[in-house]
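Residue numbers (the working numbering): 3 to 306. What follows is a short report on a single structure.
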Amino acid sequence: MTTKGTIPNIPSKRGSSALQMGPQKKVSSSDPLVSHGRHFGRMVFALCNYPSLLTNGILRLEQLEDSPLEDFSAEERREHHVFEQLLDSYPGLLERLKDGSEEQILHVGELIGKGATGARGDNTKTLKTKENLRSGEMLVCGDQWPIFLYANHVYDPEDPWCGLLRSRLLIYAYKHVFTSPSSVDREPKATCSGNARLHGMNSVTIASLAYIATQVQFALSSSSVFLWTDTSTDSETFYHSLLDLLEDPEECQEVDELLIWWNRQVLPASSAAKRPISANSALSKIRQQRIALKQATNTHIVSS
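In structure tokens form, the structure reads like this:
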């Protein structure tokens, strides 16, 4: 992604983390950025202060001309990754930011934030159940995951990955949001539809799984209004705890298998839905032999 160019005249001091919600203002809903914000919040990062994200991101682009990204803190690197994903997802946004004033940059952030907030509210209303739920006198921390995350609602303490994020309830909720409410009871089509088709979505993302799980967690709670800071649901901790697991490089094999499984459930025609290679197939054995041969060759070179 090209980042060189004139940096707009914005404050030189970076604000607080953009990956936390800030105060919300009323803005117009007719700008295409509002629609894009709805999808971006669901697919990439839901808990975000977009004006700060854009302001910090533009400042950081200037700093990256002199310092590598590795010199920044983990929080700043994560924030910049979200910023780059936003730029990549909306053609022309970087130029609009570079050519804009401080006020215009903040306005762009407010438009995107309006879309993300609106989508979350709409999804919350349509997913919220009317069942009688427990009073919630005992508060449960968000990193204590509910059983609905697991396939058939079965949790294996000896293998916590088994069935995680593969419940039928999550599939119903995902279809409800990303295809259409009417698609919940139907088999997945060869082509995606609804929000997925509208925004060119061709694969399930890690953030979209965390988003849907958080929506379902709230829908099954006794809270009437969605707030990230609500202590009864602890949605912020819940959302981040899922992302922490799914973004952990040490868990990449399990996560890759999970995403392939999800793509087969909701986007079966996508290239991302391809099945993993069978362990006892000829292709698998050929690749294993190739790896073993390379390791043996490298060992011989080192020893000599």
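Note that the Cβ used here is the ideal one computed from N, Cα and C, for glycine as well.
Could you compute how far the alpha carbon of residue i sits from the alpha carbon of residue j?
i	j	result
ASN58	GLY111	11 angstroms
ARG80	ASN154	34 angstroms
ASP258	LEU35	31 angstroms
SER69	GLU78	13 angstroms
LEU99	GLY120	23 angstroms
ALA281	ARG289	10 angstroms
ILE60	ARG40	22 angstroms
GLN297	GLU256	24 angstroms
LYS287	LEU295	12 angstroms
PRO270	ALA212	20 angstroms
ARG168	ASN204	19 angstroms
GLU104	GLU238	29 angstroms
LEU71	CYS254	22 angstroms
PHE309	ILE214	With the chain represented from 3 up to 306, any question about residue 309 goes unanswered, as that position is not in the structure.
ARG44	GLN87	13 angstroms
ALA192	TRP264	With a pLDDT of 43 at ALA192, under the threshold of 50, the modelled position of this residue cannot be trusted; read the value that follows with caution. Cα-Cα distance, rounded: 14 angstroms.
LEU113	HIS178	24 angstroms
ALA76	PHE42	22 angstroms
GLU97	GLU249	30 angstroms
LEU135	HIS83	Residue confidence is low: LEU135 scores 43 on pLDDT, short of 50, so the model does not pin down where it sits. Its coordinate-derived value is still stated next. Going from the Cα of LEU135 to the Cα of HIS83 covers about 38 angstroms.
VAL227	PHE85	28 angstroms
GLN291	SER283	13 angstroms
ILE293	GLU160	31 angstroms
SER54	ASP232	23 angstroms
ARG62	ASP33	26 angstroms
My output table needs one value for residue i: the three-state DSSP class, helix, strand or coil.
i	result
TYR157	coil
LEU166	strand
PRO251	helix
SER70	Checking the displayed sequence, the identity of residue 70 turns out to be Pro instead of Ser. PRO70 falls in the coil class under three-state DSSP.
PRO93	coil
GLY144	coil
ALA309	The chain is shown only over 3 to 306; residue 309 falls outside these bounds and no answer can be derived.
SER283	coil
ALA76	helix
ALA121	helix
VAL179	helix
THR207	coil
GLY43	helix
SER195	Bear in mind that the predicted position of SER195 carries a pLDDT of just 48, short of 50, making it unreliable; the figure below should be weighed with that in mind. In the structure shown, SER195 sits in coil (DSSP, three-state: anything other than H, G, I, E or B).
List the residues that DSSP assigns as beta-bridge partners of residue i.
i	result
TYR152	LEU166
Quick check: residue i and residue j, are their CB atoms within less than 9 angstroms of each other?
i	j	result
LEU222	PHE150	yes
THR235	GLY123	no
THR181	VAL268	yes
GLY115	TYR176	no
PHE220	THR126	yes
HIS38	GLY117	yes
Please list, in chain order, all residues of the same chain as residue i whose beta carbon is under 8 angstroms from its beta carbon, the five residues on each side excluded.
i	result
THR299	none
SER243	GLY144, ASP145 and TRP147
LEU245	ILE208, ALA209 and ALA212
LEU172	PHE150, LEU151, LEU211, ILE214, ALA215 and VAL218
ASP158	CYS164 and GLY165
ASP73	none
Using a Cβ-Cβ cutoff of less than 7 angstroms, which residues in the same chain neighbour residue i once the five nearest sequence positions on both sides are dropped?
i	result
LEU166	LEU151 and TYR152
PRO162	none
LEU56	LEU99, ILE107, VAL110 and GLY111
LEU260	LEU167
So, for residue i: in the same chain, excluding its five sequence neighbours on each side, which residues have a beta-carbon less than 6 angstroms away from its beta-carbon?
i	result
TYR92	HIS38
Hey, is residue i's beta-carbon within less than 9 angstroms of any beta-carbon in chain D?
i	result
TYR241	The structure shown contains no chain D, having only a single protein chain.
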